[in-house]
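For the record, in the sequence shown the residue sitting at position 7 is 2 according to our numbering, with numbers rising by one throughout.
Each residue gets a CB set at the ideal place from its N, CA and C atoms; glycine is no exception.
Predicted model only: the values in this text are computed from it and were never measured.
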Amino acid sequence: RVMINMLVFCGCVGQSGGGWSHYVGQEKLRPQTGWLPLAFALDWNRPPRQMNSTSFFYNHASQWRYEKLNARELLSPLADASQFSGHLIDFNVRAERMGWLPSAPQLGVNPLTIKAQAAAAGLTPADYTARALKSGEIRFACEQPDNGKNHPRNLFIWRSNLLGSSGKGHEYMLKYLLGTDSGIQSDELGASDDVKPEEVEWQTAAIEGKLDLLVTLDFRMSSTCLFSDIVLPTATWYEKDDMNTSDMHPFIHPLSAAVDPAWEAKSDWEIYKDIAKTFSEVCVGHLDKETDVVLVPLQHDSPAELSQPFDVLDWRKGECELTPGKTAPSIAVVERDYPATYERFTSLGPLLDKLGNGGKGITWNTQNEVDLLGKLNYVKLDGPAKGRPRIDTAIDASEVILALAPETNGQVAVKAWQALGEFTGREHTHLALNKEDEKIRFRDIQAQPRKIISSPTWSGLESEHVSY
-4 RVMINMLVFC
6 GCVGQSGGGW
16 SHYVGQEKLR
26 PQTGWLPLAF
36 ALDWNRPPRQ
46 MNSTSFFYNH
56 ASQWRYEKLN
66 ARELLSPLAD
76 ASQFSGHLID
86 FNVRAERMGW
96 LPSAPQLGVN
106 PLTIKAQAAA
116 AGLTPADYTA
126 RALKSGEIRF
136 ACEQPDNGKN
146 HPRNLFIWRS
156 NLLGSSGKGH
166 EYMLKYLLGT
176 DSGIQSDELG
186 ASDDVKPEEV
196 EWQTAAIEGK
206 LDLLVTLDFR
216 MSSTCLFSDI
226 VLPTATWYEK
236 DDMNTSDMHP
246 FIHPLSAAVD
256 PAWEAKSDWE
266 IYKDIAKTFS
276 EVCVGHLDKE
286 TDVVLVPLQH
296 DSPAELSQPF
306 DVLDWRKGEC
316 ELTPGKTAPS
326 IAVVERDYPA
336 TYERFTSLGP
346 LLDKLGNGGK
356 GITWNTQNEV
366 DLLGKLNYVK
376 LDGPAKGRPR
386 IDTAIDASEV
396 ILALAPETNG
406 QVAVKAWQAL
416 GEFTGREHTH
426 LALNKEDEKI
436 RFRDIQAQPR
446 KIISSPTWSG
456 LESEHVSY
């Protein structure tokens, strides 16, 4: 709000170079809307189950058990202190319960079992879950983090040196996630008179060593690798096909395989493809076609942002009704086919034909792009994904991203600007019309890095006069 006010008061809005200089990090995911369906399988199942890492590690690494900072110490003198009682983790739990934040694990029960319970009660899975949450029959897992049912057991770390480097609270992760020597020197809340949580169930003895399996994919022998049960050696530079974009320049760059990976190393794509293949085989007899219940937080850039416009009301305290998508997370039912995981991993799913693609609150039709990918990558000839475009190799995956993203496909850029115009009532397609026939392919960027196309999902313009 402060930045917005400064820009408005100084007349900067709408002026080239008049924005707020905001550094988003070394890597900016420019073709984001092309990457999203591939990364989160949105072509096969929606919505995805996602989590923010800050809440996840603060909770499950039991860092909150050592938190001595009181919320009231952070308040403005003008605030009503009576509304801010309890521990800092209480505010995170309330936010998850009211749909402001994601949660993982979400519920204190296996969500794959809810369908049968709902059928016995004569309700849909969504209605049953809402009723059970309100009655307390089902609780949010974040309210009982030291219950043995409510913590993670498997952790795959990819492209991150979580332990000993990038993770905040390294010592707590060692003790409570890995169950090893930690070097923690401070005392838990239980050893003092400090404020304890109101929303979280306190257990005198916290669970240590919550993880059964820690797997790391890395091409370095990082500190995280040293703590891992399994290290999967991945290909390094010049051993794999990949793409790279940055906020430091407006180009999309290739990473090209010049030599094969050393010894048992494989590219990231091939490693996960192998995991998907083996999982599809070993899950038979344990997991089949299942009905999953997914809680979805109120989404940014959606009407749900207006669902609680005035007072903060908590359904758990009886201040309002539990209304999914308004005073609580939305409750979605997702049909999963676990034995078909590999077939789906290596093909483009039908939801892009049916629902289209988009981002930042706008959507557009993608049928032309799906047809194009069927010609580029060919299609599956049989199996659960028969007739769907193939995604066998890392180059195939790159082509999916490039074809679907408005930043790399001019026709998609025009459709995206048209979609924005439906909201604004104004014509915006002139910002991309001169690039409508441009379709950047992976071999194009191998020959020469290409400048991306202006997209409504980013605030800046990409033109011959504005670099980024």
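About 28 Å separates the beta carbons of P292 and L2, which is beyond the 8 Å limit, so they are not a contact pair.
Assigned with DSSP and collapsed to three states, F214 falls in coil, not helix or strand. Straight-line measurement puts the Cα of L184 at about 10 Å from the Cα of T199.
In this model, E203 and S155 are separated by some 23 Å (Cα to Cα). C-alpha of A230 to C-alpha of E265: approximately 10 Å in a straight line.
Sixteen is the threshold: since fewer than 16 other Cβ atoms of the shown chains lie within 10 Å of the Cβ of S454, the residue is exposed. The Cβ-Cβ distance between E338 and A400 does not fall below 8 Å. By the CB criterion at 8 Å, P106 and A327 fall outside the cutoff. Assigned with DSSP and collapsed to three states, L227 falls in strand.
Within the same chain, K235, D236, D237, S262, W264 come within 7 Å of A389 by CB-CB distance, once the 5 residues on both sides are set aside. For T286, the enclosing beta strand (DSSP E) begins and ends at 284 to 291. A residue is called buried once 16 or more other Cβ atoms fall within 10 Å of its Cβ, and Q27 is buried on that count.
In the displayed model, W153 falls within a strand according to three-state DSSP. Contact between V409 and L428 holds, since their C-beta atoms are separated by about 6 Å, short of 8 Å. In the three-state scheme derived from DSSP, where H, G and I count as helix and E and B as strand, P26 is classed as coil.
When only Cα atoms are considered, E433 and D387 end up about 25 Å apart. In the three-state DSSP reduction, T240 falls in the strand class (E or B). Secondary structure in the region 131 to 199: the beta strand (DSSP E) runs of 3 residues or longer, each lying completely within the stretch, are 149 to 153 in chain order. Setting aside the 5 residues that flank it on each side, N149 is surrounded in the same chain by L208, each with a C-beta closer than 6 Å to its C-beta; the list follows chain order.
Annotation: the continuous alpha helix (DSSP H) that includes S393 extends over 389 to 399.
In the three-state reduction of the DSSP assignment, V277 falls in the helix class, which pools H, G and I. The region 293 to 340 contains, as complete alpha helix (DSSP H) runs of 4+ residues, the segments 336 to 340 (chain order).
Within its own chain, the residues whose Cβ lies closer than 7 Å to the Cβ of W15, once the five positions on either side in sequence are excluded, are M(-2), L2, listed in chain order.
Note: I447 is not bridge-paired with any residue in the DSSP secondary-structure output. Apart from the 5 residues on each side of it in sequence, S218 sits with its Cβ closer than 8 Å to the Cβ of N156, L158, G159, S160 in its chain, given in chain order. Taking C-alpha positions only, G13 is separated from F52 by approximately 38 Å. A distance below 7 Å between beta-carbons, with the five flanking residues on each side excluded, links G164 to the following residues of its chain, in chain order: F52, A56, Q58.
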